[in-house]
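*Asks:*
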Amino acid sequence: MGKGFATVTEEEGVSVTSAEVNGFTLSELRFPESYLIGLGELAEIVGVHPTYLGRAFRAHYGLSVGEYGRRLRLAWAAAELARGEKPLAEIATSAGFADQSHFTRVFRRHIGTTPARYREQAQSRTFQNP
Numbered sequence: 262m263g264k265g266f267a268t269v270t271e272e273e274g275v276s277v278t279s280a281e282v283n284g285f286t287l288s289e290l291r292f293p294e295s296y297l298i299g300l301g302e303l304a305e306i307v308g309v310h311p312t313y314l315g316r317a318f319r320a321h322y323g324l325s326v327g328e329y330g331r332r333l334r335l336a337w338a339a340a341e342l343a344r345g346e347k348p349l350a351e352i353a354t355s356a357g358f359a360d361q362s363h364f365t366r367v368f369r370r371h372i373g374t375t376p377a378r379y380r381e382q383a384q385s386r387t388f389q390n391p
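As numbered in the numbering used here, residues 262 to 391 make up the sequence shown, in order.
1) Kindly indicate which three-state DSSP category G299 falls into: helix, strand or coil?
2) Buried or exposed for E341, going by 16 or more other Cβ atoms inside 10 Å?
3) Would you say Y322 lies against chain B (beta-carbon separation less than 8 Å)?
4) Distance check for F368 and T374, CA to CA, integer angstroms please.
5) Quick one: Cα of Y379 to Cα of H371, how far?
6) With a CB to CB cut of under 8 Å and the five nearest residues on each side skipped, what residues in its chain are close to R331?
7) Rounded to the nearest angstrom, what separates G299 and D360 at their Cα positions?
8) Starting from the C-beta of A343, find all residues in its chain whose C-beta is less than 6 Å away, skip the five residues before and the five after it, and write them out in chain order.
9) With a threshold of 16 other CB atoms inside 10 Å of the CB of R334, please say whether the residue is buried or exposed.
10) Which of helix, strand or coil does DSSP assign to V326?
11) For a test of the three-state rule: what should DSSP assign to T365, helix, strand or coil?
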């Protein structure tokens, strides 16, 4: 999903790779507890000005805090879809999207397929590889 971006594990959910700003390691953030955190709040936690954090974040990750958060939310949603236990609408709202149609548009734009199709493909791979 991108350079130095996120890992998905069933035990831990989604966590960001390590990056340090002002002594704060971004790998300490976990999804879903911190998935809706904005630049201002993150800067306050880290103890730096939002502009500085935004620039440092973009320099390290190559994208904005907002885009990074969106990708984390999508990675978490993809893991949930692969599990196949929750309805799409529930996954969409849990991942912080306004509704299922908004989730579908963003998911398709970033992942290249719809959430429903992604779920079907993930489940067929699971059944083929017991």
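Where a beta carbon is used, it is the ideal one built from N, C-alpha and C, also for glycine.
*Replies:* Result, derived from the coordinates:
1) The count along the sequence shown starts at 1 and reaches residue 299 at position 38. Coil.
2) The sequence position of residue 341 within the sequence shown is 80, counting from 1. So E341 counts as buried.
3) Judged by its chain identifiers, the structure shown contains no chain B, having just a single protein chain.
4) As a working mapping, residue 374 is identified with position 113 in the sequence shown. As a working mapping, residue 368 is identified with position 107 in the sequence shown. Rounded to whole angstroms, T374 to F368 spans 7 Å at the Cα level.
5) As a working mapping, residue 379 is identified with position 118 in the sequence shown. As a working mapping, residue 371 is identified with position 110 in the sequence shown. Whole-angstrom Cα-Cα distance: 12 Å.
6) Along the sequence shown, one-based indexing puts residue 331 at 70. Hits under 8 Å: V367, H371.
7) Position 38 of the sequence shown holds residue 299. Position 99 of the sequence shown holds residue 360. Roughly 20 Å separates the two Cα atoms.
8) If you number the sequence shown from 1, residue 343 lands on position 82. Same-chain partners within the cutoff: A383.
9) Counting from one through the sequence shown, the residue named residue 334 turns up at place 73. The residue is buried, with at least 16 neighbouring Cβ atoms inside 10 Å.
10) In the sequence shown, residue 326 corresponds to position 65, counting from 1. In this structure, V326 counts as helix in the three-state DSSP scheme.
11) Reading the sequence shown from its first residue, position 104 is the one you call residue 365. In this structure, T365 counts as helix in the three-state DSSP scheme.
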